[in-house]
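A.B. asks: In terms of UniProt numbering, the sequence shown opens at residue 1 and continues consecutively. Glycine is no exception: its CB is placed at the ideal position from the N, C-alpha and C atoms.
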Amino acid sequence: MNTYYKGEPKHLVSVDCIVLGFENKKLQLLVGKRKVEPYSGKLSLYGGFVREDESLKEAANRVLFQCTGINDIYMRQVGAFGETDRDPGDRVISIAYCALINVSDYDQKLLEENDLQWVDINELPELYGDHIEMVQIALAQLRKLINKDPLGFNLLPELFTLTQLQNVHEAILGVEIDKRNFRKRIKQIDFIEKTELIDKITSKRGAALYRINKEIYNEASL
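1. Can you name, in chain order, every residue of its own chain whose Cβ lies under 6 Å from the Cβ of residue 230, other than the five neighbours on each side?
2. Taking the alpha carbon of Glu123 as the reference point, which residue from Asp130, Asp115, Asn114, Gln136 has its own alpha carbon closest?
3. Out of His131, Glu112, Arg91, Arg143, which one is the CA nearest neighbour of Cys67?
4. If I follow the unbroken beta strand (DSSP E) through Ser94, where does it start and stop?
5. Express the C-alpha separation of Gly129 and Val36 in angstroms, rounding to a whole number.
6. Check each candidate in Gln117, Asn154, Pro88, Val15 and name the one with the smallest Cα separation from Ile73.
7. With the cut-off set at 9 Å, would you say Gly79 and Arg62 are in Cβ contact?
8. Grab the span of the beta strand (DSSP E) containing Tyr46 for me, first residue to last.
9. When you compare each of Trp118, Lys214, Tyr5, Glu52 to Asn24 by their alpha carbons, which one comes out closest?
10. Name the residue from Asp120, Asp90, Asp190, Leu197 whose alpha carbon lies nearest to the alpha carbon of Tyr217.
11. Quick one: residues in its chain with C-beta nearer than 6 Å to the C-beta of Leu142, no 5 flanking neighbours on either side, listed in chain order?
12. If you run the structure through DSSP and keep just helix, strand and coil, what is Leu12?
13. Please report the straight-line C-alpha distance between Glu54 and Val31, rounded to a whole angstrom.
14. Kindly list the residues whose CB is nearer than 8 Å to the CB of Ile146, restricted to its own chain and excluding five residues on each side of it in sequence; keep chain order.
15. Can you give the Cα-Cα distance for Leu43 and Glu196, rounded to whole angstroms?
16. Measure the alpha-carbon distance for Lys144 versus Ala138 and round it to whole angstroms.
17. Hey, which unbroken runs of the beta strand (DSSP E) at 3 residues or more fall wholly within the stretch 192-218?
18. Mapping the DSSP letters down to three states, classify residue 223 as helix, strand or coil.
19. Short of 6 Å in beta carbon distance, which residues of its chain neighbour Ile95, apart from the five on each side in sequence? Order them along the chain.
20. Report the CB separation of Ala140 from Val19 in whole angstroms; it is logged as a contact under 8 Å.
21. Looking at the strands, I want to know which residues DSSP matches up with Cys17.
22. The alpha helix (DSSP H) that contains Arg143, what's its start and end?
23. Span of the alpha helix (DSSP H) holding Gln66?
And the structure:
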């Protein structure tokens with residue numbers, strides 16, 4: 001153990017995960033009841049403390065897998081929250097991460113095991129501490145990003161229709177989008193590929209199914 005930082009205060013560091021899903025044309029947030037004091041039983045985001053042998057991102061991935069059972073989730077850091085009185089239990093600095101998942105990929109058994117539930121992003125209940133602030137900041141960031149990157153596809157199955165993608169964008173933005181302009185813009189994006197498959201389940205007429213070319217998308221994201 002080095003002595004360079006001897007005498008300096010030590011603080012707890014946690015990660016809180018803002019897990020968003022999309023179902024029935026609504027953007028939903030995953031929340032659960034706190035299992036520890038203070039405020040045991042109060043609804044909150046799902047989180048955990050950062051271990052000594054892991055990075056922030058590794059901690060967030062571990063926590064996300066614990067609550068969703070899914071690996072390789074779209075995830076981005078929202079920011080750090082470190083008000084001195086944010087956690088009545090101790091001095092805790094939290095790093096918030098936002099994740100987008102396809103609800104159908106979610107292991108439903110984990111809802112019961114972790115006492116989790118989906119809530120409408122537009123009808124949020126009271127949440128623990130500064131978790132509402134975390135969600136609001138994450139949503140504001142997504143609304144800015146989605147104008148440059150159609151990242152809403154992370155909330156959909158591998159194959160999706162343009163109507164489904166538009167519904168996701170509208171749920172995130174909270175406004176209706178002109179169908180004609182939306183489709184024109186989306187069809188100009190090279191990593192969104194039209195397949196030969198037809199959706200005959202959600203579309204009566206049979207809508208074309210699209211997918212993301214992840215290789216091109218990842219290159220464009222660099």
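C.D. replies: This is what the structure gives:
1. Since the first residue shown for the chain is 1 and the last is 222, residue 230 is missing from the structure and cannot be characterised.
2. Looking at the Cα atoms, Gln136 is the closest of the given residues.
3. Cα-wise, what sits closest to Cys67 is Glu112.
4. Its beta strand (DSSP E) spans residues 92-100.
5. Going by the C-alpha atoms only, they are around 14 Å apart.
6. Of the candidates Gln117, Asn154, Pro88, Val15, Asn154 places its Cα closest to the Cα of Ile73.
7. No, the Cβ-Cβ distance between Gly79 and Arg62 is not below 9 Å.
8. Where Tyr46 is concerned, the enclosing beta strand (DSSP E) stretches over 46-49.
9. Comparing alpha-carbon positions, the option among Trp118, Lys214, Tyr5, Glu52 lying closest to Asn24 turns out to be Trp118.
10. Taking only the C-alpha atoms, the option nearest Tyr217 is Asp190.
11. Once the five neighbours on either side are set aside, the close Cβ partners of Leu142 are Ile172.
12. Leu12 falls in the strand class under three-state DSSP.
13. Straight-line measurement puts the Cα of Val31 at about 24 Å from the Cα of Glu54.
14. Non-local beta-carbon contacts of Ile146 in its own chain, meaning distances under 8 Å to residues more than five positions away in sequence, involve Gly152, His169, Ile172, Leu173 in chain order.
15. Rounded to the nearest angstrom, the two C-alpha atoms are 44 Å apart.
16. In a straight line, the C-alpha of Lys144 is about 10 Å away from that of Ala138.
17. Runs found: 192-199, 207-212.
18. Not covered by the structure: residue 223. The range shown for the chain is 1 to 222.
19. Hits under 6 Å: Val15, Leu56, Ala80.
20. Contact between Ala140 and Val19 fails: their C-beta atoms lie close to 17 Å from each other, not under 8 Å.
21. Beta-bridge analysis with DSSP links Cys17 to Tyr46, Tyr97.
22. In the DSSP assignment, Arg143 falls within the unbroken alpha helix (DSSP H) covering 131-145.
23. Segment 56-68, the alpha helix (DSSP H) holding Gln66.
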